[in-house]
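Be aware that the first sequence starts at 1, since it is given in UniProt numbering, and climbs by one per residue. We treat Cβ as the ideally placed atom computed from N, Cα and C, and that holds for glycine. These numbers were taken from a predicted model, which means no experiment stands behind them. Scroll down for the structure; my scribbles are underneath it.
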Amino acid sequence: MSMRTSWADSVSAAENAAAGGGGNRSTYVPPHLRNRSASSDSLAALPQGGPDPVNAAPTGGNRWAGPRNDYNRSGYIGGSGGRGGGWNNRNGGWDRGRDREVNPFGDDDNTEQASGEPENTGINFDAYEDIPVETSGDNVPPPVNTFADIDLGDALNENIRRCKYVRPTPVQRHTIPISLAGRDLMACAQTGSGKTAAFCFPIISGIMRGQSAQRAPRMPRTACPLALILSPTRELSSQIHDEAKKFAYQTGVKVVVAYGGAPISQQLRELERGVDILVATPGRLVDLLERARVSLQMIRYLALDEADRMLDMGFEPQIRKIVQQMDMPPPGLRQTMLFSATFPKEIQRLASDFLSNYIFLAVGRVGSSTDLIVQRVEYVHETDKRSHLMDLLHAQKANGSHGKVKLGASDLCVNVNMAFLSPSLVVNKQALTLVFVETKKGADSLEYWLCSNGFPATTIHGDRTQQEREYALRSFKSGNTPILVATDVAARGLDIPHVAHVVNFDLPNDIDDYVHRIGRTGRAGKSGLATAFFNENNSSLVRSLSELMQEANQEVPAWLSRFAAKASYGGGKNRRGGGRFGGRDFRRDSSFSRGGADHYGGGNMSGGYGATSGYGAGGGYGASGYGGSYGPGVTSAWD
DNA sequence: AAAAAAC
Numbered sequence: 001m002s003m004r005t006s007w008a009d010s011v012s013a014a015e016n017a018a019a020g021g022g023g024n025r026s027t028y029v030p031p032h033l034r035n036r037s038a039s040s041d042s043l044a045a046l047p048q049g050g051p052d053p054v055n056a057a058p059t060g061g062n063r064w065a066g067p068r069n070d071y072n073r074s075g076y077i078g079g080s081g082g083r084g085g086g087w088n089n090r091n092g093g094w095d096r097g098r099d100r101e102v103n104p105f106g107d108d109d110n111t112e113q114a115s116g117e118p119e120n121t122g123i124n125f126d127a128y129e130d131i132p133v134e135t136s137g138d139n140v141p142p143p144v145n146t147f148a149d150i151d152l153g154d155a156l157n158e159n160i161r162r163c164k165y166v167r168p169t170p171v172q173r174h175t176i177p178i179s180l181a182g183r184d185l186m187a188c189a190q191t192g193s194g195k196t197a198a199f200c201f202p203i204i205s206g207i208m209r210g211q212s213a214q215r216a217p218r219m220p221r222t223a224c225p226l227a228l229i230l231s232p233t234r235e236l237s238s239q240i241h242d243e244a245k246k247f248a249y250q251t252g253v254k255v256v257v258a259y260g261g262a263p264i265s266q267q268l269r270e271l272e273r274g275v276d277i278l279v280a281t282p283g284r285l286v287d288l289l290e291r292a293r294v295s296l297q298m299i300r301y302l303a304l305d306e307a308d309r310m311l312d313m314g315f316e317p318q319i320r321k322i323v324q325q326m327d328m329p330p331p332g333l334r335q336t337m338l339f340s341a342t343f344p345k346e347i348q349r350l351a352s353d354f355l356s357n358y359i360f361l362a363v364g365r366v367g368s369s370t371d372l373i374v375q376r377v378e379y380v381h382e383t384d385k386r387s388h389l390m391d392l393l394h395a396q397k398a399n400g401s402h403g404k405v406k407l408g409a410s411d412l413c414v415n416v417n418m419a420f421l422s423p424s425l426v427v428n429k430q431a432l433t434l435v436f437v438e439t440k441k442g443a444d445s446l447e448y449w450l451c452s453n454g455f456p457a458t459t460i461h462g463d464r465t466q467q468e469r470e471y472a473l474r475s476f477k478s479g480n481t482p483i484l485v486a487t488d489v490a491a492r493g494l495d496i497p498h499v500a501h502v503v504n505f506d507l508p509n510d511i512d513d514y515v516h517r518i519g520r521t522g523r524a525g526k527s528g529l530a531t532a533f534f535n536e537n538n539s540s541l542v543r544s545l546s547e548l549m550q551e552a553n554q555e556v557p558a559w560l561s562r563f564a565a566k567a568s569y570g571g572g573k574n575r576r577g578g579g580r581f582g583g584r585d586f587r588r589d590s591s592f593s594r595g596g597a598d599h600y601g602g603g604n605m606s607g608g609y610g611a612t613s614g615y616g617a618g619g620g621y622g623a624s625g626y627g628g629s630y631g632p633g634v635t636s637a638w639d
């Protein structure tokens with residue numbers, strides 16, 4: 001209840017800080033040196049960790065400054081171990097920190113954006129009020145309210161400001177202090193709520209202030225990153241890399257990405273030039289490990305994005321190999337953070353192998369599907385799907401291509417920021433429609449059919465070349481091709497602004513996949529629409545779907561409820577654990593607790609949820625009196 | 001049964 005006040009305070013505090021530091025234009029001060037006051041800068045006091053304020057910009061004019069002076073500590077290990085002694089001596093080795101670092105913000109002239117400029121990357125924070133939060137584990141560090149409450153370091157703070165992140169999102173408020181405290185973490189937070197930054201900030205900050213003294217063994221041509229971030233698709237790794245580069249700009253922390261389908265030579269070159277944070281997909285990383293071009297022995301941070309996917313049947317062996325069978329330090333000697341919007345209990349149990357005395361955190365409602373997404377289910381026979389899709393697209397077009405989707409009586413304006421965009425931008429930022437299908441062949445044929453019928457569509461799936469995939473995504477994002485037909489390759493993590501409508505042309509078999517798919521819209525507090533085509537082929541999903549919709553306060557069609565009621569298989573693997581949260585710590589479930597191996601220090605919940613709804617036969621959760629009980633030493637952010 | 005992920 002005091003949240004609004006404290007957030008408002010923090011906003012003005014952040015704005016003052018930003019204005020105070022960047023105000024003087026007469027003398028150029030590199031961004032990473034602004035806001036630096038000798039007394040308050042703990043990073044400057046560290047011996048060798050972060051950028052060196054003295055050497056970084058002796059003339060005050062070198063914007064490529066900000067090198068690390070501990071080049072030998074991490075990343076590429078030069079053959080001779082001496083100054084400039086790397087085999088890759090093109091740049092003299094010693095000055096790799098001075099390599100040209102492309103400005104990811106594109107504001108090289110360092111002028112502030114014109115006032116009145118839209119904040120189209122901003123998060124709609126009002127949408128995140130009353131979000132329930134659950135934590136469990138030993139000694140959970142309390143959440144912070146502002147970025148200023150956390151000492152992330154000046155360079156990182158400057159990048160946060162340039163990203164226009166004024167306030168931390170709920171998952172960031174909870175995650176960052178946990179992570180800075182060095183704790184392992186399993187975090188479950190709704191789609192589009194800022195998870196990437198939540199694990200990137202502490203990693204970058206931790207590397208900046210890390211001790212430099214660690215001696216790395218001699219391993220020519222072997223890169224030794226300090227942090228590893230794994231994700232299940234190439235595009236997602238690429239996206240995380242782009243984000244991380246922004247956050248790490250001029251911090252001296254080097255971020256490199258490696259994934260398949262792209263020439264390995266360039267990735268090798270990047271690795272040779274030094275890497276602190278490696279973002280990768282599993283296959284290419286295993287390749288690099290087997291070639292001994294990467295060693296994991298220096299890993300201090302391991303983050304798995306979409307962690308439940310990374311640990312499901314298809315990926316688990318590769319992940320085990322990377323995490324357990326190569327040279328990565330074991331749990332306890334590294335910090336491990338797992339993130340996803342969904343976390344089935346079976347996967348949680350698998351995941352606990354990788355964790356040490358971890359904290360479980362759940363932020364958000366119902367498997368992370370937010371009520372910002374309007375979910376519709378329509379009964380459509382298999383043979384009618386194409387014409388039905390056509391009807392939807394025509395209706396959308398007729399309603400104005402700029403993001404208004406007719407929703408019965410009320411119009412849902414799906415392009416929230418449109419009013420603030422300059423006219424020239426509005427033209428290009430039309431509402432985008434993402435259509436999910438089951439198979440790669442199905443994607444190709446639907447794309448062809450749409451194009452033949454005058455709808456500009458493209459497609460992304462695993463049978464296309466990486467070039468084609470990336471081109472399709474770009475073309476979709478730009479609005480050039482406002483319809484994208486996709487397989488599950490695009491279901492998770494991709495942050496595509498202006499996706500107004502997600503169509504589940506073919507529903508997935510797993511409710512968690514549905515949650516991730518519809519999460520491509522309604523991001524960053526904006527609203528969105530998700531339409532599903534349902535028929536008898538989807539009966540395995542009907543129960544969990546109707547339950548999910550009820551919990552997200554969605555209108556469940558009567559026919560769907562009837563269908564769900566008569567569906568004979570009551571439980572099945574699609575049943576959720578019976579909680580109203582997307583995640584619940586499996587350690588709190590008695591059927592999972594065996595022996596004393598797990599550390600579990602109690603649980604805490606808070607948030608505005610009412611009477612149990614929809615989970616009549618659920619997991620015996622509502623009755624057990626968790627709500628409102630607070631464990632020792634932990635306070636909720638929402639009370 | 002499908003999708004993803006290395007060459």
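Hey, quick one: how far does the beta strand (DSSP E) through residue 261 stretch, first residue to last?
-> Counting along the chain, residue 261 falls outside any beta strand (DSSP E), and DSSP gives it neither H nor E.
Mind checking which residues open and close the beta strand (DSSP E) that includes residue 340?
-> 335 to 340
Taking the runs of the beta strand (DSSP E) that are 3 residues or longer, which of them lie wholly in the UniProt domain "DEAD-box RNA helicase Q" (145 to 173)?
-> none
Examine the Cβ distances between the region 223 to 236 and the region 174 to 191 and report whether three or more of them are shorter than 8 Å.
-> no
May I ask you to list the residues that DSSP assigns as paired with residue 533?
-> 378
Taking DSSP as the reference, what is the three-state secondary structure of residue 431?
-> coil
Whole angstroms is fine: what's the gap from residue 435's alpha carbon to residue 296's?
-> 39 Å
Other residues of its chain near residue 323: CB distance less than 6 Å, five sequence neighbours each side excluded | 354
Rounded C-alpha distance that separates residue 394 from residue 333 = 57 Å
With contact counted as at least three CB pairs below 8 Å, one residue from each stretch, are the region 298 to 317 and the region 332 to 352 in contact?
-> yes
Should residue 107 go down as buried or exposed, given a rule of 16 or more other Cβ atoms within 10 Å for buried?
-> exposed
Alpha carbon to alpha carbon, how far is residue 348 from residue 184?
-> 13 Å
Name the DSSP beta bridge partners of residue 303, please?
-> 229, 337
Do you know offhand how far residue 155's Cα is from residue 508's?
-> 43 Å
At what residues does the beta strand (DSSP E) containing residue 502 begin and finish?
-> 499 to 504
List the endpoints of the continuous beta strand (DSSP E) containing residue 280.
-> 277 to 280
With a 10 Å radius around its C-beta and 16 neighbouring C-beta atoms as the bar for buried, classify residue 292 as buried or exposed.
-> exposed
Segments of 3+ residues assigned as beta strand (DSSP E) that fall wholly inside the region 510 to 562 = 528 to 534
What is the rounded straight-line gap between the Cα of residue 461 and the Cα of residue 381?
-> 24 Å
Assign residue 383 to buried or exposed, taking buried as 16 or more other Cβ atoms, counted over all protein chains shown, within 10 Å of its Cβ.
-> exposed
Label residue 158 either buried or exposed according to how many other C-beta atoms from any shown protein chain fall within 10 Å of its C-beta, with 16 as the threshold for buried.
-> buried
Roughly how far, in whole angstroms, is the beta-carbon of residue 443 from the beta-carbon of residue 481, given that I think they are within contact range, below 8 Å?
-> That belief does not hold up - the Cβ atoms of residue 443 and residue 481 are roughly 14 Å apart, past 8 Å.
Over what stretch of residues does the beta strand (DSSP E) that includes residue 186 continue unbroken?
-> 185 to 189
Are residue 511 and residue 545 touching if we call contact CB-CB under 8 Å?
-> yes
On the premise that residue 361 lies in contact with residue 174, defined as a C-beta separation below 8 Å, what is that separation, rounded to the nearest angstrom?
-> 5 Å
Can you give me the Cβ contacts of residue 180 inside the same chain, cut-off strictly under 6 Å, excluding the 5 residues immediately before and after it?
-> 202
Could you give the distance in angstroms between the alpha-carbon of residue 562 and the alpha-carbon of residue 457?
-> 36 Å
Beta-carbon gap between residue 196 and residue 237 smaller than 8 Å | no
Where DSSP assigns a beta bridge to residue 436, which residues make up the other side?
-> 486, 504
Given a threshold of 16 other Cβ atoms within 10 Å of its Cβ, counted over all protein chains shown, does residue 213 qualify as buried or as exposed?
-> Note that residue 213 scores 45 on pLDDT, short of 50, meaning its location in the model is unreliable and no value can be drawn from it.
With residue 342 and residue 516 assumed to form a contact (beta carbons below 8 Å), what rounded beta-carbon distance in angstroms separates them?
-> 7 Å
What's the C-alpha gap between residue 346 and residue 526?
-> 32 Å
Using CA coordinates, which residue listed in 286, 476, 223, 489 is at the minimum distance from residue 437?
-> 489
Comparing alpha-carbon positions, which option in 537, 552, 308 lies nearest residue 492?
-> 308
DSSP state of residue 294 mapped onto helix, strand, coil = strand
Residue 358 to residue 135, Cα distance in whole Å?
-> 11 Å
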